[in-house]
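The structure under discussion appears below in the form of structure tokens.
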Amino acid sequence: MLAMVFAAAAAVTAAPAPHVVFFLADDFGHYDSTVWNPDAPTPTLGKLAAEGIKLDRHYVYQFCSPTRSSFVSGRLPIHVNTENNPSSEAGGVDLRMQTVADKLKAAGYATHQVGKWHAGAYLAGQVPTARGFDSSLGYLNGNEDHYTHHFGILNGTDM
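Each step along the sequence shown adds one to the number in the numbering used here, with nothing skipped, and position 21 is 127.
Spelled out as structure tokens, the structure:
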């Protein structure tokens with residue numbers, strides 16, 4: 107009888123790993139989407155949340171870079187980054203820290219970062235493709251025009 111249980115367990119194939127998509131939207135209020143407010147005009151976000159898992163216990167900082175650094179590192183902002191520095195200044199996720207992309211790659215996932223990074227770019231080793239992401243399409247700083255790459259805080263152009 108015991109041999110049959112082991113044989114049946116061995117015959118079960120592992121399900122494919124689920125897709126992981128994480129949206130981090132700056133200046134987006136809790137009730138600004140149909141995820142939490144059925145009257146908000148974001149049906150696609152509502153559908154994605156309904157079919158997936160809602161992360162509703164991730165605490166954010168008062169501005170973007172510490173929140174992004176917290177997600178990338180898996181640590182609270184107070185332990186990773188409490189500054190909102192542009193890429194011309196030190197800040198972001200410490201190079202000695204592993205990232206969520208490192209962990210996902212170790213589990214066999216392909217990793218991609220799209221949009222605003224703003225989790226450190228002062229050192230070459232801090233850019234997304236050096237932090238475990240296979241590719242990155244976006245910009246490194248905050249407050250940047252998506253089309254011209256003009257970076258308002260420094261009144262210049264992003265890298």
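Built from N, CA and C at the ideal position, the CB exists for glycine as well.
If you draw a straight line from the C-alpha of aspartate 145 to the C-alpha of leucine 161, how long is it?
20 Å
**Item:** Pairwise C-alpha distance: glycine 221 and proline 147
**Value:** 22 Å
From the DSSP secondary-structure annotation, give me the bridge partner or partners of glycine 221. Gly244
query = Going by the beta-carbon positions, is the gap between alanine 207 and threonine 217 smaller than 7 Å?
reply = yes
First and last residue of the alpha helix (DSSP H) that includes phenylalanine 129? No alpha helix (DSSP H) contains phenylalanine 129, which DSSP labels as neither H nor E.
Which residue marks the beginning of the alpha helix (DSSP H) containing alanine 212, and which one marks its end? 206-212
Cut-off 6 Å between Cβ atoms - residues of its own chain near aspartate 132, not counting five sequence neighbours on either side
Cys170
DSSP state of glutamate 157, grouped into three classes? helix
Practice item. Using only alpha-carbon positions, find the residue among Gly197, Tyr253, Ser241 that is nearest to histidine 224. Key: Gly197
**Asked** Mind checking arginine 174: buried by the 16 CB within 10 Å criterion, or exposed?
**Response** buried
Comparing alpha-carbon positions, which option in Pro149, Gly158, Ile184 lies nearest valine 166? Ile184
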